[in-house]
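Residue numbers (our numbering), protein chains in the order written: chain A, 1 to 255; chain C, 1 to 306.
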């Protein structure tokens, strides 16, 4: 879908961090957790490219989608300035989302900072299945983490760290000793992803990582957003993060 | 509105019902359509450069936004010509729109080899030679050296009956001798031009942003400079010119046509507005109607009138 959609709400989450809710029934009906959209809220030629932003909310009933925007440059600054009633150009849903395992009994979600944004709709999907959810979240400060309260409201147990010496993957490692995770999902930190890979080798759970990349088109045409991956038979190749990702099995990214 | 305007363009045996097509590498047939419009509404579709031999492409990051556009250093990832013929060309069969294949090589002989392997395949209506890639032998882009350009286009001419479009590198002191050399060597048309050599440096990391340090600039920033190339070449060659460089609107397309372009390619603007090509087609048609022209070809080069 490529359409001009109305902004319903701009919620300030913290310094340089906002959540935009957008009226987009067609998009919401198709979207899956882990997918993203190319957003552009300006008519001028500058900034030249739209911005890839992951889905933070998918509400097919109300026909709404939500995105968390962290102001980093000229594009995100413009997006964060959108007011209710403004129209924004939305292209998506794009990419492959997180696989939701039908019979999972317990899953872990590991996210850092604004990178944790796509985990929210995944948590909702698992909560709707009655699956036990553990969230391991970190950020430089609580104000930089979207949805910290949300996981509790779903009945998920969530741990948070803003202490650089305390990695949330240490908590995950402790929980792995007594819990049996079917899958671990992560985004926002390659450092944490590497820790998860070590635990995956030990415990054998399925693990998925959502990647971030500089993108131009968002649909696979420009070949700009590649990442080096390893296939099952050990062959190394580039994949396009936008169209072959952004979610990939962790073992394809981290050896 | 004004359905009677004739927008068609002919380049040798390539017949396009309108002058708008994507620039190579920006709008693949099966990937970027987003269901927005039928591909058949375009003048032609363009297959991203197939290199003579397989290539992984450049290390990331491959794209960066800059003022007035973007720089790409994608580096022609390709399955290679043999694998393309074996596995991919079939999906372009029996489309209701002409298909232009972009080819590239690392040595002058590679282009003719690509064309021999293509063997005038009926899936393909014309071939665009991407002559901006660096020649391994000289280190220069193929179209930055007159003798190499003449040889490469001349050998390619002998290897195919398909219309040959020579896509030239803009980073030369004067485009005219290169445009003439391509024409004399047998090109049926010119694409003017490719991206302009460019780079960006991250001042915190104190390093080039792109994985391969430099790349090619595209977008509105190159339009005025590239328009001059089209203008200059139009006065000196007889073969049609396809403009490529910063076309973001129908006004840009019309400007290029007035400078001498018979057709236009839309590149990086597809990324920010995937609907831009049909918008440009409609805009050209409205412009012709408003100004009282019956056919697009009537405005080609009109700005040169005394």
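Note that the Cβ used here is the ideal one computed from N, Cα and C, for glycine as well. For clarity, every value in this text was computed on a predicted model and none was experimentally measured.
One or two residues paired with residue 185 (chain A) in a DSSP bridge: A:109, A:208
Exposed or buried, what is residue 91 (chain A) when buried is set at 16 or more other beta-carbons lying within 10 Å of its beta-carbon? buried
Compile a chain-ordered list of the residues in the stretch 268 to 279 of chain C whose CB is closer than 9 angstroms to at least one CB of chain A. 268, 269, 270, 271, 272, 273, 274, 275
Alpha carbon of residue 200 (chain A) to alpha carbon of residue 207 (chain A), nearest angstrom: 7 angstroms
Is it buried or exposed for residue 236 (chain A), if we count other Cβ within 10 angstroms and need 16 for buried? exposed
Using the Cβ count rule (16 or more neighbours within 10 Å means buried), how would you classify residue 67 (chain C)? exposed
Beta-carbon separation (whole angstroms), residue 295 (chain C) vs residue 236 (chain C), contact threshold 8 angstroms: With a Cβ gap of about 24 angstroms, residue 295 (chain C) and residue 236 (chain C) do not count as contacting.
Under 7 angstroms from the C-beta of residue 49 (chain A): neighbouring residues of chain C: 65, 70, 271, 272
Find the residues of chain C that neighbour residue 2 (chain A), judging by a C-beta separation of less than 7 angstroms, and give them in chain order. 34, 36, 274, 275
Within 8 angstroms (strictly less), CB to CB, does residue 103 (chain A) reach chain C? no
Per-residue contacts from residue 133 (chain C) into chain A (C-beta, under 9 angstroms): Under the 9 angstroms cutoff, chain A gives no residues; its nearest Cβ is about 15 angstroms from residue 133 (chain C).
Residue environment, residue 51 (chain C), which counts as buried when at least 16 other CB atoms sit within 10 Å: buried
Can you tell me which residues form a DSSP beta bridge with residue 64 (chain C)? C:71
Whose Cβ in chain A lies nearer than 9 angstroms to the Cβ of residue 357 (chain C)? Chain C is shown from 1 up to 306; residue 357 (chain C) falls before or after that span and cannot be answered.
Contacting positions in the stretch 45 to 64 of chain C - beta carbon closer than 9 angstroms to chain A: 48, 56, 57, 58, 59, 60, 61, 62, 63, 64
Proximal chain A residues relative to residue 28 (chain C), where beta-carbon distance stays under 8 angstroms: 220, 221
Short of 8 angstroms Cβ to Cβ, which residues in the stretch 229 to 241 of chain A face chain C? 237, 238
In whole angstroms, give me the CA-to-CA distance for residue 153 (chain A) and residue 172 (chain A). 21 angstroms
For the alpha helix (DSSP H) that contains residue 149 (chain C), what are its first and last residues? 146 to 159
Does the stretch 82 to 94 of chain C touch the stretch 216 to 227 of chain C, meaning 3 or more C-beta pairs lie closer than 8 angstroms? no
For a contact meaning CB atoms closer than 8 angstroms, what does residue 128 (chain A) contact in chain E? The chain inventory of the structure shown lacks chain E, comprising the protein chains A and C.
Hey, how far is the Cα of residue 245 (chain C) from the Cα of residue 102 (chain C)? 17 angstroms
Reduced DSSP category for residue 245 (chain A) - H, G, I as helix; E, B as strand; rest coil: coil
If you measure between the beta carbons of residue 250 (chain A) and residue 196 (chain A), is that distance less than 8 angstroms? yes
For chain A, check one thing: does any of its Cβ atoms lie closer than 8 angstroms to the Cβ of residue 208 (chain C)? no
Exposed or buried, residue 76 (chain A), counting other C-beta atoms within 10 Å across all chains shown (16 or more means buried)? buried
Classify residue 255 (chain C) as buried or exposed, calling it buried when 16 or more other Cβ atoms lie within 10 Å of its own Cβ. buried
Could you name the residues of chain A that residue 77 (chain C) contacts, counting a contact when the two beta carbons are closer than 9 angstroms? 223, 226, 238
What residues from the stretch 205 to 229 of chain C come within 7 angstroms of chain A, judged by C-beta to C-beta, listed N to C? 219, 220
Beta bridge counterpart(s) of residue 97 (chain C) as assigned by DSSP: Answer is none; residue 97 (chain C) lacks a bridge partner.
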